[in-house]
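Encoded as structure tokens, the structure appears first; notes follow it.
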Amino acid sequence: MAQPSTRSFDELVAEGASLPTEGWDFSWFEGRATEARPSWGYARSMAGRLAEADAVLEVQTGGGEVLDHALETAAPHRPRLVVATEGWPPNVAKATALLRPRGVPVVASPDDAPLPFADGAFDLVVSRHPVEPHWGEVARVLAPGGTYFAQHVGPGSVFELIEYFLGPQPEESRNHRHPERERAAAEAAGLEVVDLRAERLRMEFHDIGAVVHFLRKVVWMVPGFTVEGHRDRLRDLHERIEADGPFVAHSTRHLFDARKPRPQVTPRPESTPRPESTARP
36 MAQPSTRSFD ELVAEGASLP TEGWDFSWFE GRATEARPSW GYARSMAGRL AEADAVLEVQ
96 TGGGEVLDHA LETAAPHRPR LVVATEGWPP NVAKATALLR PRGVPVVASP DDAPLPFADG
156 AFDLVVSRHP VEPHWGEVAR VLAPGGTYFA QHVGPGSVFE LIEYFLGPQP EESRNHRHPE
216 RERAAAEAAG LEVVDLRAER LRMEFHDIGA VVHFLRKVVW MVPGFTVEGH RDRLRDLHER
276 IEADGPFVAH STRHLFDARK PRPQVTPRPE STPRPESTAR P
């Protein structure tokens, strides 16, 4: 039997609805919700890649938190050039404030727009949870031999919560972001997938305030979510958590390590020596 919260439904919902949503800092959820982390430790692994790179682009940096942490971990072996893009204006401001002291410019660029950089400008492109990977653009801005190293959200992620509010979803929606589909798309763009790993990870929501804040922050989970529009379902879920304990869901993540091949150089045929003339002078 779960230990009921000492706070009312209305208090918890009001708190979840009042919190700012910009950036990807999830520290508020400590003690309120949990999510297991992938075994590969993306931020730590990214720091290792940064330490070996020369020119780096992070796509869809959010509030810049992951890049900031990775740069701090990689220091003093940081790249010569680091640039980030972000499409949501509140995140652009937050990422700029965080990354400017590290000498990292944040370029405001819509998530679905072409990347505003020259062909072959970067030897490393990184991204954590891009909305959609634009493989053609990633391949274009990578230099030959360059690497795309990213952690993606996988198929059916947190679908227990999504379907609680939206009802059963079609199979196509459930299989969206499937790693093998993304592998095929990356290869079609000319990239070679060196490593692709996927994991399914347990999540727990311990109170309804955490659910509200999560759905306001990760807006694509339940499109159009509002407290007033979903109050009845929120109240039902609150009572379920109070009676039975945390609401359990599962996130899915996959790690992409892809390389842009170097052009193959065809060796020149050895020249054939001219035969000596047999004619006498």
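The C-terminal residue of the sequence shown carries number 316 in this note's numbering, and the numbering is unbroken.
Every residue gets a Cβ at the ideal spot worked out from N, C-alpha and C, and that includes glycine.
The region 39-59 makes no contact with the region 220-237: fewer than 3 CB pairs, one atom from each, lie closer than 8 Å.
With 16 or more other CB atoms across the displayed protein chains lying within 10 angstroms of its CB, Thr287 is buried. The alpha-carbon of His164 is positioned some 45 Å away from that of Arg303. When DSSP states are grouped into helix, strand and coil, Glu239 belongs to the strand group. For the pair of segments examined, the region 84-93 was found to touch the region 113-120: the number of CB pairs separated by less than 8 Å reaches three.
Under the three-state reduction of DSSP, Glu227 is assigned to strand. In the DSSP assignment, Asp60 forms no beta bridge with any residue.
One Cα belongs to Glu70, the other to Val246, and the distance between them is close to 13 Å. For Val283, same chain residues with a beta-carbon under 6 Å away, outside a window of 5 residues either side, are Glu239 in chain order.
Taking C-beta atoms as the reference points, Gln95 and Thr56 fail to come closer than 8 Å.
In this model, Gly76 and Asn126 are separated by some 23 Å (Cα to Cα). Checking the DSSP bridge columns, you'll see Val118 partnered with Leu92.
Under the 10 Å beta carbon count, Trp255 is surrounded by fewer than 16 other beta carbons and is classified as exposed.
For Ala156, same chain residues with a beta-carbon under 6 Å away, outside a window of 5 residues either side, are Val176 in chain order. Per the C-alpha coordinates, the member of Pro179, Asp146, Glu87, Gln204 positioned closest to Val166 is Asp146. Shown here for Leu196: same chain residues with a beta carbon closer than 6 Å to its own, the five before and five after excluded, namely Ala284 in chain order.
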